[in-house]
Amino acid sequence: MATSDEKVAKSSSGVPRNVRTTINYYKDPENGIEHAPSIAGKRSTFVHPSIDFDTIVTDITGSEDKYTLDSHGFQLHRHVSQEKEFFDDQRIKDLYYPEVEQLLFEVTGASRICIFDHTIRRPNPTAASSDDERRPVKRAHIDQSEWASENQVRRHLGEDGPRLLKSRYQLINVWRPIKTIYKDPLAVCDSHSVPDEDIVPVKLIYPDWVGEPCTILPNKAHRWYYKSQQTPEEVMFIKRYD
Numbered sequence: 003m004a005t006s007d008e009k010v011a012k013s014s015s016g017v018p019r020n021v022r023t024t025i026n027y028y029k030d031p032e033n034g035i036e037h038a039p040s041i042a043g044k045r046s047t048f049v050h051p052s053i054d055f056d057t058i059v060t061d062i063t064g065s066e067d068k069y070t071l072d073s074h075g076f077q078l079h080r081h082v083s084q085e086k087e088f089f090d091d092q093r094i095k096d097l098y099y100p101e102v103e104q105l106l107f108e109v110t111g112a113s114r115i116c117i118f119d120h121t122i123r124r125p126n127p128t129a130a131s132s133d134d135e136r137r138p139v140k141r142a143h144i145d146q147s148e149w150a151s152e153n154q155v156r157r158h159l160g161e162d163g164p165r166l167l168k169s170r171y172q173l174i175n176v177w178r179p180i181k182t183i184y185k186d187p188l189a190v191c192d193s194h195s196v197p198d199e200d201i202v203p204v205k206l207i208y209p210d211w212v213g214e215p216c217t218i219l220p221n222k223a224h225r226w227y228y229k230s231q232q233t234p235e236e237v238m239f240i241k242r243y244d
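Quick note, this note's numbering runs 2 ahead of the 1-based positions in the sequence shown.
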């Protein structure tokens, strides 16, 4: 999501600040050609035809409890973590993973939790090339398609996978800012406002794995939200598959 620094910075007193901005969407070439795959680690392969679409992003400040995983596909939850810096991967797994697991049990009521990955996004001015950076993703997207979600269950839950696929399961992102956000806040879209025909799966090729995130076509019916000046204690749960 692209926003002006000024508009975001003014949200300081608990008063919601809606933002008029543009969302970067996929531009359908309308030639019947399948979307080209992306290659992990090769940033240039993630560049696809795009269009900036004017919209208003609603600030959920003051009405956070209205938005839940089931009603909108996202939910804000307050939690203070012992992890503050997020530099050491092993420390994250040893300290932060158990915290997140407990949070997910509390928020979802799930009978089983499997944490299989984490991504730290921050600018890297010393990166030798753009391929070495993990900056915020500034385009509308869904992390995984239905096909990829099923594959994740099979991949990470082994022999239990086929059985679990016959019951209800969810893939949920737990998104926490490392510092209070004053620029480039996270925007989330009401899942019920996005019809299936707006979702375009894209293969993502890893050396030993094939994923499938989704890019999104523009639609004025999409309803976008954000939390102004989101702090590290304000964790956003994002349902990417149910």
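Positions of the beta carbon are idealized from the N, C-alpha and C atoms, including for glycine.
I'd like the list of long-range same chain contacts for residue i, defined as Cβ closer than 7 Å, with 5 residues on each side in sequence excluded.
i, result
"His-81", "Leu-105, Glu-235 and Val-237"
"Leu-166", "Val-155 and Leu-159"
"Phe-107", "Ile-115"
"Gly-163", "Val-155 and Arg-156"
"Ile-117", "Tyr-99, Val-102 and Glu-103"
"Phe-1", "The chain is shown only over 3 to 244; residue 1 falls outside these bounds and no answer can be derived."
Would you give the residue range spanned by the alpha helix (DSSP H) that residue i belongs to?
i, result
"Thr-110", "99–110"
"Glu-152", "148–159"
Measure the CB-CB distance between residue i and residue j and report whether it falls below 8 Å.
i, j, result
"Trp-226", "Thr-63", "no"
"Ile-218", "Ile-201", "yes"
"Asn-26", "Ser-52", "yes"
"Val-204", "Cys-191", "no"
"Glu-101", "Arg-93", "no"
"Ile-180", "Ala-42", "no"
"His-74", "Val-109", "no"
"His-224", "Ser-195", "yes"
"Arg-141", "Arg-123", "no"
Can you look up residue i in the DSSP assignment and give me helix, strand or coil?
i, result
"Leu-166", "helix"
"Asp-56", "strand"
"Glu-199", "helix"
"His-37", "coil"
"Phe-88", "coil"
"Lys-95", "helix"
"Asp-133", "Residue confidence for Asp-133 is low, a pLDDT of 48 falling below 50, so the modelled location carries little weight; the figure read from the coordinates is stated next. Looking at Asp-133 - three-state DSSP - the assignment turns out to be helix."
"His-143", "strand"
"Thr-47", "helix"
"Lys-68", "helix"
Classify residue i as buried or exposed, calling it buried when 16 or more other Cβ atoms lie within 10 Å of its own Cβ.
i, result
"Ala-150", "buried"
"Pro-220", "buried"
"Leu-97", "exposed"
"Pro-187", "buried"
"Gly-111", "exposed"
"Gly-213", "buried"
"Ser-40", "buried"
"Ala-38", "exposed"
"Phe-76", "buried"
"Ile-178", "What sits at residue 178 in the sequence shown is Arg, not Ile. Arg-178 should be labelled buried."
Go to residue i, then tell me how far its beta strand (DSSP E) extends in each direction, as first and last residue.
i, result
"Cys-1", "Past the edges of the chain, shown from 3 to 244, lies residue 1, and the structure says nothing about it."
"Gln-77", "76–80"
"Ile-62", "Element bounds for Ile-62: n/a, residue is neither H nor E."
"Tyr-171", "Taken as a continuous stretch (DSSP letters only), Tyr-171 belongs to no beta strand (DSSP E), as it is neither H nor E."
"Arg-22", "21–28"
"Lys-205", "Taken as a continuous stretch (DSSP letters only), Lys-205 belongs to no beta strand (DSSP E), as it is neither H nor E."
"Ile-218", "216–218"
"Tyr-243", "236–243"
"Tyr-184", "Unbroken run through Tyr-184: none, as it is neither H nor E."
Leaving out five residues before and five after residue i in sequence, what residues of the same chain have Cβ atoms less than 8 Å from its Cβ?
i, result
"Val-17", "Thr-63 and Gly-64"
"Arg-242", "Ile-144, Asp-145, Gln-146, Ser-151, Leu-173, Ile-174 and Asn-175"
Give every residue of the same chain whose Cβ lies closer than 6 Å to the Cβ of residue i, excluding the five residues on either side of it in the sequence, and list them in chain order.
i, result
"Glu-36", "none"
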